[in-house]
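Below is one structure, written out as structure tokens, with a few remarks after it.
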Amino acid sequence: MWQVYYTPTSVDDALKLLAEHGPEARVVAGGTDLVVELKRDDREVEVLIDVTRVGGLNRISLDDGPEARREGRPHIHLGPTVTHNGAVASDLLIERGYPLALACWQVGTPQLRNRGTIAGNVITASPANDTIAPLWALDARLTLSSVNGERHVSFDDFYRGLRQTALAPDEMVTDISFPALKPNQRGTFAKLALRRVHAISVVNTAVVLTFDDEIVAGARIAMGSVAPTVIRAREAESALVGRRLTDESIERAAELAGKATSCIDDIRSGAKYRQQVITVLVRRALTSLREGDERKAFPAEPPMLWGATGGTYPRLAGKTVCHHHQGLEPIECVVNGENVVVQGANDKTLLEMLRQNLGLTGTKNGCGEGECGACTVWMDGIAILACLTPAPRAHGTHVVTVEGLPETASLSNGGDLHPVQQAFIDEGAVQCGYCTPGFVMAGANLLEEISTPTREQIDIGLSGNLCRCTGYYKIVRAIEKAASEG
Numbered sequence: 003m004w005q006v007y008y009t010p011t012s013v014d015d016a017l018k019l020l021a022e023h024g025p026e027a028r029v030v031a032g033g034t035d036l037v038v039e040l041k042r043d044d045r046e047v048e049v050l051i052d053v054t055r056v057g058g059l060n061r062i063s064l065d066d067g068p069e070a071r072r073e074g075r076p077h078i079h080l081g082p083t084v085t086h087n088g089a090v091a092s093d094l095l096i097e098r099g100y101p102l103a104l105a106c107w108q109v110g111t112p113q114l115r116n117r118g119t120i121a122g123n124v125i126t127a128s129p130a131n132d133t134i135a136p137l138w139a140l141d142a143r144l145t146l147s148s149v150n151g152e153r154h155v156s157f158d159d160f161y162r163g164l165r166q167t168a169l170a171p172d173e174m175v176t177d178i179s180f181p182a183l184k185p186n187q188r189g190t191f192a193k194l195a196l197r198r199v200h201a202i203s204v205v206n207t208a209v210v211l212t213f214d215d216e217i218v219a220g221a222r223i224a225m226g227s228v229a230p231t232v233i234r235a236r237e238a239e240s241a242l243v244g245r246r247l248t249d250e251s252i253e254r255a256a257e258l259a260g261k262a263t264s265c266i267d268d269i270r271s272g273a274k275y276r277q278q279v280i281t282v283l284v285r286r287a288l289t290s291l292r293e294g295d296e297r298k299a300f301p302a303e304p305p306m307l308w309g310a311t312g313g314t315y316p317r318l319a320g321k322t323v324c325h326h327h328q329g330l331e332p333i334e335c336v337v338n339g340e341n342v343v344v345q346g347a348n349d350k351t352l353l354e355m356l357r358q359n360l361g362l363t364g365t366k367n368g369c370g371e372g373e374c375g376a377c378t379v380w381m382d383g384i385a386i387l388a389c390l391t392p393a394p395r396a397h398g399t400h401v402v403t404v405e406g407l408p409e410t411a412s413l414s415n416g417g418d419l420h421p422v423q424q425a426f427i428d429e430g431a432v433q434c435g436y437c438t439p440g441f442v443m444a445g446a447n448l449l450e451e452i453s454t455p456t457r458e459q460i461d462i463g464l465s466g467n468l469c470r471c472t473g474y475y476k477i478v479r480a481i482e483k484a485a486s487e488g
């Protein structure tokens with residue numbers, strides 16, 4: 003899929019590689035979109051530059067530097083490797099960037115959110131991507147860096163068409179910033195998809211309002227998946243300013259939002275339906291902000307499938323590591339407690355390396371696109387999807403598959419199985435068995451993180467795994483049994 007895979011250990015090294023390889027190169031962090039595109043031959047990329055091992059790029063911070071002082075309020079800064087789950091876990095974002103935190107919570111599944119990044123979502127530039135609308139509503143700006151310096155770009159200037167941006171071939175996003183919400187500002191995010199979880203938006207919207215007592219003093223409404231790019235509903239915004247949020251003003255703004263563009267037609271929805279839905283979503287968002295209950299949409303203790311790690315991947319020390327297609331450079335890592343040196347996997351996914359090179363066939367190849375969760379493994383203690391993870395990303399990491407799961411627990415059950423594995427047997431939570439390894443890996447990771455999860459937390463923790471044999475209730479009972487016998 004790629005010819006060369008670089009793992010730099012500094013931003014300077016990454017920028018030099020971009021300058022050297024130009025249009026042939028692509029920066030990769032989560033890779034949850036890019037790997038699928040490469041598998042489908044939808045994108046031609048010779049060189050991948052993985053920046054996830056560079057220290058400090060997963061920061062979420064608040065500062066009151068020159069830009070903040072000029073605007074009279076502090077700014078929130080996101081590094082380019084902040085994952086969706088990193089945003090979900092950020093008290094700062096939940097408090098002062100809530101529409102973005104809520105949108106990140108509704109992206110994909112725990113395993114996908116553990117790898118997918120906000121910056122990647124922004125750069126992919128699909129109008130259906132969930133984080134673009136809230137960032138636009140929050141008036142975010144991007145810092146684009148190259149060996150020649152950096153420039154700051156608004157979202158209005160960054161997006162130039164469907165999947166088209168102002169990012170030059172030698173540039174990478176090094177910062178996303180937006181003004182932190184003030185006490186008199188509130189916002190929210192809403193989407194409609196073809197299923198409740200792990201689905202691309204048919205339509206989404208983000209709304210941020212500034213209040214002067216009960217009067218709307220400012221409004222920003224961004225709408226996604228209705229046009230080739232995310233757009234603002236400017237007439238709807240103007241209709242709200244200077245008015246209270248009454249039923250009449252909300253209905254008028256919602257109608258204007260629905261008329262803001264001639265909606266797109268695609269495989270997920272027709273234009274007429276989209277127009278009706280965006281009216282409904284804007285009405286619901288505004289009503290929720292009026293009632294002050296917008297934060298009920300965010301779970302109190304969302305499971306991340308981080309195990310006991312806290313969600314941070316270790317950085318890679320030393321010089322840039324390079325893995326060539328069919329090259330002799332080995333991928334060296336620890337798999338199921340054993341040091342392994344793998345050659346011949348430099349252009350493969352982690353799933354392919356585990357199955358083909360190491361013979362660990364317990365990790366299943368299901369959809370190959372991150373939809374089913376059958377390929378769930380742990381990398382440095384965090385649950386991820388092996389089918390969307392480049393094999394060279396595993397260099398220097400600790401990987402656990404279902405074969406090695408018993409070694410992660412002190413086996414008080416007197417056998418040679420992990421308690422979750424034993425509970426699956428006891429409860430008969432195995433039918434065709436194809437999805438079982440993924441469910442076991444997700445469930446065991448959930449119990450590493452939350453020893454006695456609620457039913458809601460179990461459902462969320464397992465939301466990235468599909469069972470096509472309708473045996474889900476037995477799987478839930480197995481997780482509950484393993485937790486109770488802790």
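All residue numbers for the sequence shown refer to this note's numbering, where the first residue is 3 and numbers rise by one. Note that CB positions come from ideal geometry on N, CA and C, so glycine has one too. Computed from a prediction, not measured in an experiment: that's the story for all the values here.
Residue i and residue j look like a contact to me (Cβ under 8 angstroms); what is the Cβ gap, rounded to whole Å?
i: ALA310; j: THR263; result: Contact doesn't hold; Cβ gap of about 47 angstroms is too wide.
i: GLU354; j: ALA396; result: Rounded, the Cβ-Cβ distance is 11 angstroms, inconsistent with contact.
i: THR85; j: GLY110; result: No, THR85 and GLY110 are not in contact; Cβ-Cβ is about 11 angstroms, not under 8 angstroms.
i: ALA135; j: ALA224; result: 4 angstroms
i: ILE252; j: ARG285; result: 6 angstroms
i: GLU458; j: LEU307; result: GLU458 to LEU307, Cβ: 15 angstroms. No contact.
i: LYS321; j: THR54; result: Between THR54 and LYS321 the Cβ distance is about 16 angstroms, and since that is not below 8 angstroms, they are no contact.
i: ILE460; j: VAL442; result: Not really, about 13 angstroms apart at Cβ, beyond 8 angstroms.
i: ASP382; j: PRO316; result: 6 angstroms
Which residue wins for smallest C-alpha separation from residue i, given the options the options?
i: ASN186; options: THR391, GLY398, ARG292, HIS397; result: ARG292
i: VAL29; options: ASP141, PRO171, PHE191; result: PRO171
i: VAL210; options: TYR475, HIS325, LEU102; result: LEU102
i: ARG165; options: GLY226, VAL84, HIS397; result: GLY226
i: GLU534; options: HIS79, SER453, LEU17, GLY151; result: Summary: the structure shown does not reach residue 534, with the chain confined to residues 3 through 488, and so no result is reported for it.
i: ARG91; options: ALA255, PRO112, GLU73, ARG188; result: Per the sequence shown, the amino acid found at residue 91 is Ala instead of Arg. Comparing Cα positions, the closest option is PRO112.
i: GLN423; options: GLY398, VAL401, LEU449, ILE62; result: LEU449
i: GLY33; options: THR231, ALA485, ASP177, CYS389; result: CYS389
i: THR207; options: ALA130, ASP295, LEU183; result: ALA130
i: THR351; options: LEU36, SER12, PRO25; result: LEU36
i: ILE515; options: LEU169, HIS327, LEU258, GLY312; result: Because the chain here runs from 3 to 488, residue 515 falls outside it and cannot be looked at.
i: ILE481; options: CYS471, ILE427, CYS434, GLY435; result: ILE427
i: LEU40; options: GLY463, THR391, ASP461; result: THR391
i: GLY58; options: THR314, ASP158, ASP93, ALA201; result: THR314
i: SER63; options: HIS79, GLY74, ASP268, VAL56; result: HIS79
i: ARG42; options: GLU371, ALA411, ASP382; result: GLU371
i: VAL279; options: THR289, ILE269, CYS265; result: CYS265
i: THR212; options: LYS193, GLU152, ARG246; result: ARG246
i: TYR8; options: GLN358, LYS476, VAL342, HIS325; result: HIS325
i: ILE202; options: VAL56, ASN116, ASP268; result: ASP268
Can you name, in chain order, every residue of its own chain whose Cβ lies under 7 angstroms from the Cβ of residue i, other than the five neighbours on each side?
i: GLU405; result: ASN338, LEU362, GLY364
i: LEU104; result: THR190, PHE191, ALA299, PHE300
i: PRO25; result: PRO171
i: ALA127; result: TYR161, ARG165, GLN166, THR167
i: GLY488; result: SER453
i: TRP107; result: VAL90, PHE300, PRO304
i: CYS434; result: CYS471
Apart from the five residues just before and just after residue i, which ones in its own chain have a Cβ nearer than 8 angstroms to its Cβ?
i: ALA27; result: LEU19, LEU20, VAL47, GLU48, VAL49, LEU50, ILE51, PRO171
i: ALA70; result: PRO76, HIS77, PRO181
i: CYS374; result: GLY368, CYS437, GLY440, ASN467, LEU468
i: GLY67; result: HIS77
Can you give me the start and stop residues for the alpha helix (DSSP H) that residue i sits inside?
i: ALA238; result: 236 to 242
i: HIS23; result: 13 to 23
i: ASP93; result: 93 to 98
i: ARG153; result: Per DSSP, ARG153 belongs to no alpha helix (DSSP H); it is in the beta strand (DSSP E), 151 to 156.
i: LEU390; result: Neither: LEU390 is in no alpha helix (DSSP H) and is coded neither H nor E.
i: ARG55; result: Neither: ARG55 is in no alpha helix (DSSP H) and is coded neither H nor E.
Spatial neighbours of residue i within its chain, please: CB distance less than 6 angstroms, with the 5 preceding and 5 following residues excluded, ordered by chain position.
i: LEU413; result: For LEU413, the predicted structure reports a pLDDT of 48, less than 50, and the residue's modelled location is therefore unreliable. A value from the coordinates is still provided. Around LEU413: no qualifying Cβ.
i: THR199; result: Strictly speaking, residue 199 in this sequence is Val, with Thr absent from that position. Same-chain partners within the cutoff: SER465.
i: THR438; result: VAL432
i: GLN5; result: GLU48, HIS327
i: GLY122; result: ALA31, GLY32
i: GLY99; result: ILE78
Consider the Cβ of residue i: report whether some Cβ of chain B lies at a distance smaller than 9 angstroms.
i: VAL336; result: In the displayed structure, chain B is absent; only one protein chain is listed.
At which residues does the beta strand (DSSP E) containing residue i begin and terminate?
i: TRP380; result: 378 to 381
i: HIS200; result: Counting along the chain, HIS200 falls outside any beta strand (DSSP E), and DSSP gives it neither H nor E.
i: GLY329; result: That residue, GLY329, is in no beta strand (DSSP E); it is neither H nor E in DSSP.
i: ASN341; result: 340 to 344
i: ALA484; result: That residue, ALA484, is in no beta strand (DSSP E); its alpha helix (DSSP H) goes 474 to 487.
i: ARG143; result: 143 to 148
i: LEU64; result: 62 to 65
Let me check you understand the geometry: is the CB of residue i closer than 8 angstroms to at least one non-hydrogen atom of the ligand HEM?
i: TRP138; result: Ligands are entirely absent from the displayed structure, and the ligand HEM is therefore not among its contents.
Self-check item: beta strand (DSSP E) runs contained entirely in the segment 161 to 186, provided each spans 3 or more residues
Solution: 161 to 163, 174 to 181
Quiz prompt | Entirely enclosed alpha helix (DSSP H) segments - the segment 398 to 471, minimum 4 residues | solution = 421 to 428, 438 to 451, 457 to 463
Practice problem: With a floor of 3 residues, list each beta strand (DSSP E) that falls wholly inside the segment 247 to 324, ordered by position along the chain. | Solution: none
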